[in-house]
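So the sequence shown is residues 0 to 141, counted in numbering that gives the first Met the number 0. No residue lacks a Cβ here, since even glycine has one placed at the ideal position from N, Cα and C. Bear in mind that the values here come from a model prediction, so they are computed numbers and not experimental data. Inspection log for the structure reproduced underneath, given as structure tokens.
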Amino acid sequence: MTLIQWDDDRYSTNIDRFDEQHQRLFELLNDLHQAMEEGRAQEEVGDTLRELERYTEYHFGDEEEFMQGCGYAQDCSECFRDHQEMHENFATKVSELREQHENGEYITMDVLQFARDWLDAHIAGDDQDQGYGEYYQQQADD
Ligand SMILES: [Fe+2]
Ligand SMILES: [Fe+2]
């Protein structure tokens with residue numbers, strides 16, 4: 000079963016690079032979900048968690064750089080700060096999850112639902128990922 004499915008209308012930021020990164024995040028979350036559902040080896044769950052942690056950090060870093068580079072961060076420093084804070088909180092949660100798993104704690108499906116809901120709201124949110132997408136679009140149109 001797919002936990003989160005890409006939908007252009009709902010999720011596209013109109014920036015190919017970030018759409019691709021978001022799709023990769025969905026894929027990793029779906030892989031993790033599937034590995035857990037099928038009761039696959041803990042090693043595999045651990046590998047996917049580590050990759051999710053690494054890729055999340057990479058993606059957030061790339062986005063933050065982009066927001067600074069295109070002027071969005073300067074035009075609305077509050078939006079940028081809020082956005083950064085959301086990234087930090089989520090990255091911390093993913094790291095905690097990876098640690099819990101390493102310590103042999105059981106990861107519940109609730110946590111995956113939380114990650115799904117977070118990504119859904121964050122990417123589709125006007126004041127979040129689609130906010131910088133729209134800003135960039137407007138700049139390009141001017
Ligand atoms: Fe994003
Ligand atoms: Fe973001």
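M66 counts as buried, since at least 16 other C-beta atoms from the protein chains shown sit within 10 angstroms of its C-beta.
Judged by DSSP in its simplified three-state form, Y105 adopts coil rather than helix or strand.
Where N29 is concerned, the enclosing alpha helix (DSSP H) starts and stops at D15 to E36. In the DSSP assignment, D74 falls within the alpha helix (DSSP H) that extends over Y71 to D74. Selection H82, Y135, D109 and N13 evaluated against Q127 yields H82 as nearest (Cα-Cα). Nearest in C-alpha terms to E62, of all of R115, Y135 and S94, is Y135.
Rounded to the nearest whole angstrom, the CA to CA distance from V110 to Y54 is 18 Å. With a cutoff of 7 Å, H86 counts as near ligand 2, since its C-beta is closer than that to a heavy atom of the ligand. Ranked by Cα distance from R97, the options F79, Q129, V44 and C75 are led by V44. In terms of Cβ geometry, L27 and T47 form a close pair [threshold 8 Å]. Here DSSP, grouped into helix, strand and coil, assigns I122 to helix.
Distances from the CA of E36 to each of Q112, C78, G132 and G130 were compared; the closest alpha carbon is that of Q112. Minimum Cα-Cα distance from V93 among the listed residues G70, E56, Q129 and C75 corresponds to E56.
Between I14 and G132, the C-beta gap is smaller than 8 Å, which places the two residues in contact.
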